[in-house]
Amino acid sequence: MTQEIKIPFVDLYPQYEELQSEIDMAIKDIITRSDFITGPTVEKFERTICQYTGAEDCASIGSGTNALVCALKALGIGPGDHVMTVGHTFVSTTEAIVNVGATPLFVDIDEFYHLDTLDMRKVTGSKEFALPELKAILFVDLYGQTPDIDKINAFAQEYNLKVIQDAAQSFGAEYKGKKVGSLVDITCFSFNPVKNLGAMGDAGAVTGTKKLIDKVRMYRDHGRKTKFEYDKVGYNARIDNLQAVVIQAKLKKIDEWLDKKREICRRYTKELKDVVICPKEAPWSKHSYYVYVIETPEGTRDQLQSFLRVKGIQTNIHYKFPTHKTTAFDNGTVLPRTEYICDNILSLPCYHTLPEHHQDYIIKAIKEFYAN
Ligand SMILES: Cc1ncc(COP(=O)(O)O)c(C=O)c1O
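All letters in the sequence shown, in the order written, are residues 1 to 372 by my numbering.
Okay, here's the thing in structure tokens:
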């Protein structure tokens with residue numbers, strides 16, 4: 001009898017297995033010392049993130065979403081301000097802008113699925129658009145690589161804008177040989193369990209200059225200046241120390257894991273490039289392949305997904321609806337490329353422990369679907 005194949009979209013347990021004794025010991029140590037929030041554990045963790053990313057300073061934080069909110073607050077973005085961003089992202093990016101009271105100004109995406117740097121100019125040239133209200137650009141390293149950051153920074157300088165990088169999906173990626181984390185004013189990471197570097201719950205970090213990160217520290221901790229002095233209206237957005245030690249243990253493995261993932265993704269591209277549109281690696285980028293996203297021939301995505309499901313292959317969509325087309329954030333913006341892409345993309349299973357015979361099986365199934 002042949003065994004039924006089941007390939008999950010993500011498989012997190014092997015990460016724990018590789019580091020089990022270290023993670024178990026670190027968790028036990030936290031419990032034994034009742035060291036659950038703030039203090040030296042968190043400070044050590046923040047220093048490690050600085051060493052890895054090359055950032056001047058780091059504030060750990062409760063989630064990637066908290067990271068975005070506190071970064072915007074630290075930059076002084078609030079009611080009346082406009083923030084240039086994309087609709088092709090996870091909802092947190094847009095949600096953070098709206099939650100600080102600012103207005104998202106959506107622009108379309110380019111061939112790498114990133115904020116289109118040419119479109120930035122179109123927006124500033126439009127009649128309805130009031131330039132003085134534009135205060136910042138919040139771009140997203142969607143799928144694990146960065147846009148052309150030099151172009152975004154140059155544009156920001158021209159119009160005196162702050163730049164925020166939503167690097168929730170790109171921990172460990174590089175831009176022109178430099179690790180993501182110190183390339184713009186402020187960078188926001190997520191350590192959600194499925195991210196490149198995943199906790200065992202919610203967690204995140206913000207990196208930037210010491211001056212800005214001190215402000216983030218204040219916002220993440222109730223706007224506190226000292227124990228009993230509250231200078232700002234803040235949040236309870238601190239990291240849980242159990243998460244900090246889990247992430248710290250996994251950090252040792254991140255480059256090895258990302259390299260293995262890159263190999264699998266390049267293999268997918270080699271095998272599938274004549275059947276579907278495969279992700280393009282930008283010339284400036286060392287891609288971290290948070291997810292491997294194919295663009296299917298128009299109108300075939302849903303049938304392909306069903307076909308793969310029947311074959312035991314779990315896939316996903318990042319994302320089915322752009323944020324500017326969801327009820328909460330729909331402001332009538334039309335972004336033709338973003339909307340087309342959301343209707344035609346599909347994410348394939350891709351993790352460093354995906355066995356070669358499962359890779360073969362996935363490739364064969366997609367080829368079979370398009371051969372018929
Ligand atoms: C692009 C993007 N931004 C922000 C977030 C928010 O991160 P978190 O889930 O840690 O709040 C995520 C992930 O969930 C994301 O993919």
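C-beta atoms are modelled at their ideal positions from N, C-alpha and C, and glycine is treated no differently.
Predicted, not measured: the structure shown is a model, and the values here were computed from it.
Nearest to residue i (by Cα), restricted to the options the options
i, options, result
"residue 293", "216, 336, 11, 113", "113"
"residue 323", "91, 66, 147", "91"
"residue 5", "308, 247, 58", "308"
"residue 346", "335, 303, 325", "303"
"residue 165", "154, 262, 149", "149"
"residue 105", "343, 367, 342, 334", "334"
"residue 216", "299, 54, 287, 185", "185"
"residue 290", "169, 269, 221", "169"
"residue 379", "181, 354, 330, 68", "Residue 379 is absent from the structure shown; the chain starts at 1 and stops at 372."
"residue 386", "286, 287, 282, 276", "For the chain, the structure presents residues 1 to 372; residue 386 sits outside this window and is missing."
"residue 153", "173, 120, 54", "120"
"residue 80", "188, 103, 206", "103"
Residue i versus residue j: straight-line alpha-carbon distance, rounded
i, j, result
"residue 202", "residue 279", "28 Å"
"residue 327", "residue 107", "18 Å"
"residue 109", "residue 86", "7 Å"
"residue 95", "residue 226", "29 Å"
"residue 359", "residue 352", "11 Å"
"residue 162", "residue 38", "29 Å"
"residue 369", "residue 362", "11 Å"
"residue 267", "residue 348", "13 Å"
"residue 30", "residue 242", "7 Å"
"residue 93", "residue 100", "12 Å"
"residue 155", "residue 17", "45 Å"
"residue 61", "residue 70", "9 Å"
"residue 137", "residue 337", "20 Å"
"residue 252", "residue 179", "15 Å"
Assigned exposure category for residue i - 16 Cβ within 10 Å defines buried
i, result
"residue 371", "exposed"
"residue 167", "buried"
"residue 135", "buried"
"residue 25", "exposed"
"residue 147", "buried"
"residue 82", "buried"
"residue 65", "buried"
"residue 21", "exposed"
"residue 47", "exposed"
"residue 88", "buried"
"residue 306", "exposed"
"residue 240", "buried"
"residue 57", "buried"
Heavy atom of ligand 1 within 7 Å of residue i beta-carbon
i, result
"residue 161", "no"
"residue 68", "yes"
"residue 382", "Residue numbering for the chain in the displayed model covers 1 to 372; residue 382 lies beyond these limits and cannot be assessed."
"residue 107", "no"
"residue 246", "no"
"residue 90", "yes"
"residue 196", "no"
"residue 64", "yes"
"residue 168", "yes"
"residue 201", "no"
"residue 93", "yes"
"residue 192", "yes"
"residue 234", "no"
"residue 144", "no"
"residue 100", "no"
"residue 204", "yes"
"residue 291", "no"
"residue 83", "no"
"residue 140", "yes"
Within the region 146-174, ranges of the alpha helix (DSSP H) (whole runs, at least 4 residues): Those alpha helix (DSSP H) runs which fall completely within the region 146-174 and span 4+ residues are 149-159.
Every unbroken alpha helix (DSSP H) inside the region 21-99 [4 residues or more]: Whole alpha helix (DSSP H) segments, 4+ residues: 40-53, 64-74, 91-99.
Alpha helix (DSSP H) runs contained entirely in the region 189-240, provided each spans 4 or more residues: Taking only runs of at least 4 residues, the alpha helix (DSSP H) segments lying wholly in the region 189-240 are 210-220.
Suppose only complete runs of 4+ residues qualify. What are the alpha helix (DSSP H) ranges in the region 270-328, listed by chain order? Runs found: 301-310.
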